[in-house]
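Undergrad: Numbering (the working numbering), first residue to last: 18 to 209.
#1: Leaving out the 5 sequence neighbours to the left and right, which residues in its chain are closer than 8 Å to residue 104 when beta-carbon positions are compared?
#2: Quick check on this structure: which residue in 106, 37, 177 has the alpha carbon closest to the alpha carbon of residue 91?
#3: From what residue to what residue does the beta strand (DSSP E) around residue 173 run?
#4: By a C-beta neighbour count over all protein chains shown, 10 Å radius and 16 as the cutoff for buried, is residue 102 buried or exposed?
#5: Measuring alpha carbon to alpha carbon, tell me which residue in 134, 97, 110, 85 is nearest residue 178.
#6: Measure the Cβ-Cβ separation of residue 116 and residue 124 and say whether it is below 9 Å.
#7: Excluding sequence positions up to five away, which residues of its chain have a Cβ less than 8 Å from the Cβ of residue 175?
#8: What does DSSP give as the partner residues of residue 90 in its beta bridges?
#9: Just grab the DSSP bridge partners of residue 134 for me.
#10: Using a threshold of 9 Å, state whether the C-beta atoms of residue 112 and residue 144 are closer than that.
#11: Using C-beta distances below 7 Å, list every residue in its chain close to residue 47, excluding the 5 sequence neighbours before and after it, in chain order.
#12: Answer yes or no: do residue 180 and residue 165 have a C-beta to C-beta separation smaller than 9 Å?
#13: Whole-angstrom Cβ separation of residue 132 and residue 27, contact assumed at under 8 Å?
#14: Do residue 122 and residue 146 have their beta-carbon atoms positioned less than 9 Å apart in this structure?
#15: Helix, strand or coil for residue 80? Go by DSSP, reduced to three states.
#16: Please list the terminal residues of the continuous beta strand (DSSP E) segment that includes residue 110.
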């Protein structure tokens, strides 16, 4: 991939007095291209004082001096970082980690989809599962044969938004805009 293309799909590389790494849930370094949590280490001479996560300053491990950002990210072999969401977005289905951004990127390429969000659903059998919420392009009608082979799909008129017109985060959308039981029931009806 050309450097100019990398710059358009990534947030860039670590420069100057910063070092970065991507770690899995056990704290092991991820290989290039693997999704994990972005961690930042400041080198001598940096004026970086900390990182705020959820309104609270994030403390770093004293042994490592790595700040855990709670951002899901990948780093390619050339050091370019791409952000994909928050670690709290990861869905744990029977011990398998599902990354919503991967489903959103794949399903979002379908011609008839305007926008897509993958959200977590509680699941008595699997622990957690996910639902794909879809906004259709104008004047598009969908039949079940067009839908991806996913258990829970919800076609929505619009995604709930904040006062600033941004799409509400996944958890906010689940808790405040629909009862989870209604969401599950509606999503199952679409697949049938």
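Ideal Cβ placement from N, Cα and C applies to all residues, glycine included.
Small disclaimer: the values here were computed from a predicted structure and weren't measured.
TA: Reading it off the structure:
#1: 54, 87, 88, 89.
#2: 37
#3: 170-173
#4: It counts as buried.
#5: 134
#6: For residue 116 and residue 124, no; Cβs fall outside 9 Å.
#7: 152
#8: 53, 100
#9: BP columns for residue 134 point to 150.
#10: yes
#11: 39, 40, 41, 53
#12: no
#13: Not really, about 22 Å apart at Cβ, beyond 8 Å.
#14: The criterion of a C-beta distance shorter than 9 Å is not satisfied by residue 146 and residue 122.
#15: In this prediction, residue 80 has a pLDDT of 46, which is less than 50 and means its spatial position is unreliable; nothing more can be read from the coordinates.
#16: 108-110 is the span of the beta strand (DSSP E), which, as asked, contains residue 110.
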